[in-house]
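Chemist: Can you read through this structure? Questions will come right after.
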Amino acid sequence: MLDREYVQKELDKFKRYVVQQSRSNLTKGGKNVNKKLYNSIDGEAISSKNSLRLAFEMEDYGTFQDLGVKGKTSSAKAPNSPYKFGSGTGKKGGLTEGINKWVRARRFQFRDRKGKFLSFDSTAFLVTRSIYNKGIKPSFFFTKPFEKAFERLPDDIIEAYGLDVESLIKLK
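Sequential numbering from 38 applies to the sequence shown in our numbering.
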């Protein structure tokens, strides 16, 4: 029976590369406030008798960060995104809650016209309203490394499969 040792190694290498580069892109892009998304990025690579399986997972909001979200009034930031604010499919108040935590974690506050700091809640409201109306620009922190590694994957798999067949022939 054919042992898929080399194919499994290639799949594992693909998975490690995509996870490592995605995490690196998050950090470089300044989207790694509390490391929740960073730590959630993981993958699974399985080479079985009749199939190959590759799966990646991350926090739900990771896909919004990766692909962007169209705004309620403008889609200029993410014109090709499959997601849109105001579609009625998302959790009510989810954006407000997330932005409130983000503002507090970064100790971020706007000033009024007199120079006094606004409260965290007021700052979060203004940021939330802007994001809701204008959208979120895509970062492609996951898409770019996946596509780059996927371009090389077919050749690597063919070569690894050849090595597996070669090792099978040597055994017989």
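Idealized CB from N, CA, C, for every residue including glycine.
This one's a predicted model, so the numbers in the text were calculated from it and none came from an experiment.
Which runs of the alpha helix (DSSP H), 4 residues or longer, sit entirely within the segment 82 to 136?
Modeler: 98 to 104, all fully within the segment 82 to 136.
Chemist: On a Cα-Cα basis, can you pick out the residue from Arg141, Ser124, Phe187 that is closest to Lys107?
Modeler: As a position in the sequence shown, residue 107 is number 70, starting the count at 1. Here the closest residue by C-alpha is Ser124.
Chemist: Helix or strand or just coil, what does DSSP make of Ile195?
Modeler: Your numbering for residue 195 matches position 158 in the sequence shown. Of the three classes helix, strand and coil, the one that applies to Ile195 here is helix, per DSSP.
Chemist: Let me check understanding here. Comparing Cα to Cα, which of Arg189, Ile195, Pro191, Thr180 lies closest to Gln102?
Modeler: The residue labelled residue 102 in the question sits at position 65 within the sequence shown. Residue Thr180 is the option with its Cα nearest to Gln102.
Chemist: Leaving out five residues on either side along the sequence, give the residues of the same chain with a beta carbon under 7 angstroms from the beta carbon of Asn71.
Modeler: Residue numbering aside, residue 71 sits at position 34 when the sequence shown is read from its first letter. Excluding positions up to five away in sequence, the list reads Ala142.
Chemist: When you compare only the Cα positions, how much space is there between Asn69 and Leu63?
Modeler: Counting from 1 along the sequence shown, the entry for residue 69 is found at position 32. Counting from 1 along the sequence shown, the entry for residue 63 is found at position 26. So the two alpha carbons sit approximately 6 angstroms from each other.
Chemist: Check whether the segment 169 to 176 touches the segment 93 to 100, taking contact to mean three or more Cβ pairs, one atom from each stretch, closer than 8 angstroms.
Modeler: Because the criterion of three Cβ pairs below 8 angstroms is not met, the segment 169 to 176 and the segment 93 to 100 do not touch.
Chemist: Looking only at its own chain, which residues have a Cβ that is under 8 angstroms from the Cβ of Gly131, when we skip the five neighbours before and after it?
Modeler: One-based indexing of the sequence shown puts residue 131 at position 94. Excluding residues within five positions, none has a Cβ falling inside 8 angstroms.
Chemist: Is the CB-CB distance between Val55 and Ala186 below 9 angstroms?
Modeler: On the sequence shown, position 18 is the one that residue 55 refers to. On the sequence shown, position 149 is the one that residue 186 refers to. Cβ atoms of Val55 and Ala186: closer than 9 angstroms.
Chemist: Specify the secondary structure class of Val55 as computed by DSSP and reduced to three states.
Modeler: Reading the sequence shown from its first residue, position 18 is the one you call residue 55. Helix, per DSSP.
Chemist: Between Lys151, Val44, Ala115, Asn76, which lies nearest to Val90 when the distance is taken from Cα to Cα?
Modeler: By one-based count along the sequence shown, residue 90 stands at place 53. At residue 90 the sequence reads Arg, which differs from the Val that was named. The residue with the shortest Cα to Cα distance from Arg90 is Val44.
Chemist: Please classify Pro182 as buried or exposed, where buried requires at least 16 other C-beta atoms within 10 Å of its C-beta.
Modeler: Here the question's residue 182 lines up with position 145 in the sequence shown. Buried: at least 16 other Cβ atoms inside 10 Å.
Chemist: Could you tell me the distance, in whole angstroms, from the CA atom of Arg41 to the CA atom of Arg53?
Modeler: Counted from its first residue, the sequence shown places residue 41 at position 4. Counted from its first residue, the sequence shown places residue 53 at position 16. Cα-Cα distance, rounded: 18 angstroms.
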